[in-house]
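Residue numbers (the working numbering): 695 to 1099.
As structure tokens, then:
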């Protein structure tokens, strides 16, 4: 696991150790800093766990049964966190215990810890403190990074935590009095995580069974997905997912339990109807660059599920040629809704006239005076879409694929 991702996972584990509301981290110049602010919400400590901590008596407990938790992992999304506590008893003047953290399907980390009798008393007192008072403390610890199975590197880390007495003490213990061991998740754990990650919500699955209006959403692998049950139409259930209208026979509804199932229905030509939604980001500055005589104005592409969308532009023979790629896979067939728009350089100024101020405020200029690195935001993307719609209405765009609108 690389250094950057290891810091991210560490921040997620801090978020799991304490009831974090916000976690931020900074990495630069070889040093890392983490700031954690908790909600102040108190944990549910079982009587058995409290008694075992107080006396450092041998005891094991799945801590997350009484304190269910999931955390946001960068590039993955929300992941279930499973924490097992294993108190092993006294060894001389040290209380030995282990905490097994499992970010389901992502990373397993076991912390072997040893606390003095005074520290055990501090932990017990913090666990029984119900005041919810928010405190703040900054301390230095070390995080480990490197490849699994090889000796890990250590680097200093400045940590600031705002939270309850237990929040602060738990985070400090994990980082200052424990030795960690990192293990990759098993194949079974990865499969279980994948299944949970792609599952539809229970309420949405129940609504599907009777085709009752409902909505569900999910952020998975940096992709935002939304689905909505519209209702019955001609003995079929109308479900809208992204740019697809699905008309699903009721006999199939019980089989739909995950987002993967919905994606697969999008490839069934007997069930799905696709309405092309073109990727237009960059169209405004592509025309602007063409007007400057640039031979290649821009290129971008993206793929979600079974849809490929993209945009590219070039200057050619006093024209700006914009290509809006839009292809959808339906079974073994690929339907191509791509369009090409050809705009004479003389007409570009007219098209861009309403956006002059927006262009001037967002264009980039390099040291040679050429325009580059244009800034993109909600306003420029709105303009991109408006320009594409204008070009379509003006008749300069033609369908170059095999699909029919």
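Backbone N, C-alpha and C fix where the C-beta goes; we use that ideal spot for every residue, glycine too.
Distance from the Cα of residue 744 is smallest, within the candidate group 774, 735, 775 and 780, for 780.
Here the alpha carbons of residue 950 and residue 984 stand approximately 48 Å from one another.
Annotation: the continuous beta strand (DSSP E) that includes residue 924 extends over 917-927. In this structure residue 917 is exposed. Its beta-carbon is surrounded by fewer than 16 other beta-carbon atoms within 10 angstroms.
Restricting attention to 974, 1084, 988 and 987, the CA atom closest to the CA of residue 1074 is found in 974. Straight-line measurement puts the Cα of residue 861 at about 13 Å from the Cα of residue 832. The three-state reading of DSSP puts residue 779 in strand, counting E and B together. CA-to-CA, the gap between residue 934 and residue 946 works out to about 16 Å.
Looking at the backbone, the Cα of residue 787 and that of residue 811 are separated by about 7 Å. Collapsing the DSSP output to three states places residue 728 in a strand. By the C-beta density criterion, residue 911 is exposed, having fewer than 16 other C-beta atoms within 10 angstroms. Every beta strand (DSSP E) of 3 residues or more that sits fully in the stretch 954-1031 is shown, in chain order, as 966-968, 990-998, 1001-1010, 1013-1024 and 1027-1030. In the DSSP assignment, residue 787 falls outside any beta strand (DSSP E), carrying neither H nor E.
In the three-state reduction of the DSSP assignment, residue 903 falls in the helix class, which pools H, G and I. The shortest C-alpha to C-alpha distance from residue 753 to any of 1024, 871 and 792 is the one to 792. Between residue 1025 and residue 927, the C-beta spacing is not below 8 Å. Between residue 1014 and residue 1053, the C-beta spacing is not below 8 Å. Beta-bridge partners assigned by DSSP to residue 877: 802. Closest in C-alpha terms to residue 940, from the list 963, 919 and 952, comes 963.
Between residue 1094 and the set 1088, 1019 and 1056, the nearest pair of CA atoms involves 1019.
In the three-state scheme derived from DSSP, where H, G and I count as helix and E and B as strand, residue 930 is classed as strand. A straight-line Cα-Cα distance of about 16 Å links residue 819 and residue 865. Annotation: the continuous beta strand (DSSP E) that includes residue 852 extends over 847-857. DSSP, reduced to helix, strand and coil, places residue 756 within a strand of the structure shown. Going by C-alpha positions, residue 776 is about 12 Å away from residue 804.
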